[in-house]
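Numbering (this note's numbering), first residue to last: -16 to 370.
From the three backbone atoms N, C-alpha and C, an ideal C-beta is built for every residue, glycine too.
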Ligand code: NAD
Ligand code: MG
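Set out below in structure tokens:
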């Protein structure tokens, strides 16, 4: 049986891994939608290969280029934020939400409201609007299938018991490229060093988030929304090899873990095939070759981001959306060479030091918190840059 797949963020790291699996299992899938931010050439190339009904470029200024590239193919070209949302509302069997940042929120919400199952990689959407997204999923009955490797692992481990009987969820973290580096040395790291993750090949933004450990903090908030066990039952454990992708401990002290090679195609395949399984070309685990697995407690002095995230979700309301927006601005500024590595998390902290905006009650409210927090973060970035 063929299933229709709509892929948001087709040109990214998760998008490409998804298409790699679809390519190998072509008879099972009919690609309905492909989207990208601004890379028309790559989007048109993918569209010609996978033949979706529609290809959407988020950057409206690139519409004419996309329309020209797809002329005569029968594939509809569309552009802009509204076109992304319209494409997310179109009937399909699964939406893969693989846009990076809060930019993915509107289409992901549209898919959930339409009752479409969502394979969710786009953690920033859930961090910014967790209550609204989980409420939309409950109302329409659309499942959210976690793609983030830790959350996919927890989702799989939760099949081994009832959520009311969970004592602890343990989110594993690689610790990133600077796990053993002193704070003084971290003040001098370059963007190239920060994106060079020891275990995973990923987009630039999440790679920097892994280096600051903000990624694990965002994942804590993500886990809080996906798995309602209460914040104090979710812990972080550093595990440098990234072989155990997370663990669930039940009341009887049985602990279930999901293991696998650090290859995103494994959790992506799990979400694509759910509740079934599909074959992947990934390397099976060679535990004798790996020989040992290490664990250590996170160091919240050198890596203060996880504590900021825990405080933001504990306070709730607008805080997680503020935190996410500030982090997006600060990471972009670091990647552009404008601020130092430690200034990323400092920027987030300074944005959160201001009084909290009112609790957002709608997507519109989330977008206004997002916009004002971006402005506040940009102000601090300018100060660092000119200090
Ligand atoms: P990436 O930067 O490689 O790709 C991002 C995709 O989003 C691209 O297709 C890009 O065109 C699109 N995009 C970017 N900005 C956009 C905008 N403003 N409007 C519309 N589209 C836009 O990112 P990635 O590493 O593939 O990560 C995607 C998401 O998945 C992120 O939320 C990330 O945290 C999450 N994630 C990624 C990995 C990984 O291994 N890469 C693992 C776990 C979770
Ligand atoms: Mg992850």
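Host beta strand (DSSP E) of residue 129 (start-end):
127 to 129
Residues sharing a beta bridge with residue -13, DSSP
13
Among 29, 358, 7 and 9, the one whose alpha carbon lies nearest that of residue -9:
29
Evaluate the contact criterion for the stretch 142 to 149 versus the stretch 105 to 124: three or more CB pairs, one atom per stretch, below 8 Å.
When Cβ pairs closer than 8 Å are counted between the two stretches, the stretch 142 to 149 is seen not to touch the stretch 105 to 124, the count staying below three.
So what does residue 232 bridge to, in DSSP terms?
Looking at the DSSP assignment, residue 232 forms a beta bridge with 151 and 238.
Contact test: residue 379 Cβ vs ligand 2 heavy atom, cutoff 7 Å
It is not possible to answer for residue 379, since the shown part of the chain is limited to -16 through 370.
Residue range of the beta strand (DSSP E) that residue 40 falls in?
37 to 40
Do residue 52 and residue 27 count as a contact pair if the criterion is CB distance below 8 Å?
The criterion of a C-beta distance shorter than 8 Å is satisfied by residue 27 and residue 52.
For the beta strand (DSSP E) that contains residue 92, what are its first and last residues?
Element bounds for residue 92: not the beta strand (DSSP E) but the alpha helix (DSSP H), 88 to 96.
What's the C-alpha gap between residue 64 and residue 238?
43 Å
Any heavy atom of ligand 1 closer than 7 Å to the Cβ of residue 14?
No, ligand 1 has no heavy atom inside 7 Å of this Cβ.
Please classify residue 214 as buried or exposed, where buried requires at least 16 neighbouring CB atoms within 10 angstroms.
exposed
Unbroken beta strand (DSSP E) run spanning residue 169, endpoints:
Looking at the DSSP string, residue 169 is not in any beta strand (DSSP E); the run it does join, the alpha helix (DSSP H), is 166 to 169.
Identify whether residue 314 lies in helix, strand or coil by the three-state DSSP scheme.
helix
Chain-order list of residues whose beta-carbon lies under 8 Å from that of residue -16 (same chain, five-residue window excluded):
11
Would you kindly check if the distance between the Cβ of residue 223 and the Cβ of residue 285 is under 8 Å?
With contacts defined as CB atoms closer than 8 Å, residue 285 and residue 223 fail to qualify as a contacting pair.
Report whether the distance from the Cβ of residue 218 to the nearest heavy atom of ligand 2 is below 7 Å.
Answer for residue 218: no, Cβ out of range of ligand 2.
Does at least one heavy atom of ligand 2 sit under 7 Å from the Cβ of residue 132?
yes
Pick from 229, 319 and 353: whose alpha carbon is nearest that of residue 335?
353
Could you pull the start and end residues of the beta strand (DSSP E) that residue 221 belongs to?
217 to 221
Contact test: residue 114 Cβ vs ligand 2 heavy atom, cutoff 7 Å:
no
Taking its Cβ as the centre, do 16 or more other Cβ atoms sit within 10 Å of residue 293, making it buried, or is it exposed?
buried
Give a yes or no on whether the C-beta atoms belonging to residue 368 and residue 296 are separated by under 8 Å.
no
Is it a yes or a no for the stretch 193 to 202 touching the stretch 275 to 290, going by three-plus beta-carbon pairs under 8 Å?
In the pairwise beta carbon analysis, the stretch 193 to 202 is classified as touching the stretch 275 to 290: at least three pairs are separated by under 8 Å.
I need the straight-line Cα distance from residue 303 to residue 311, nearest angstrom please.
Distance from the CA of residue 303 to the CA of residue 311, rounded to the nearest whole angstrom, comes to 12 Å.
When you compare the CB positions of residue 73 and residue 14, do they come within less than 8 Å of one another, or not?
No, the Cβ-Cβ distance between residue 73 and residue 14 is not below 8 Å.
Since residue 59 sits in a beta bridge, which residues does DSSP pair it with?
37
Quick check: is any heavy atom of ligand 2 less than 7 Å from the C-beta of residue 51?
no
Residue 103 - DSSP class collapsed to helix/strand/coil
strand
If the criterion is Cβ atoms closer than 8 Å, does the pair residue 364 and residue 308 meet it?
no
Please give the ranges of any alpha helix (DSSP H) in the stretch 246 to 314, keeping only runs that are unbroken, at least 4 residues long and fully inside the region.
248 to 256, 270 to 273 and 288 to 298
So, helix, strand or coil for residue 78, using DSSP?
strand
Buried or exposed: which applies to residue 236, given that a residue is buried once 16 or more other Cβ atoms fall within 10 Å of its Cβ?
exposed
Which listed residue (1, 135 and 77) has its alpha carbon closest to that of residue 229:
135
From residue 318 to residue 168, what does the alpha carbon distance come to, in whole angstroms?
18 Å
Cross-strand partners of residue 371 (DSSP beta bridge)
Because the chain is modelled from -16 through 370, residue 371 falls outside the range shown and cannot be assessed.
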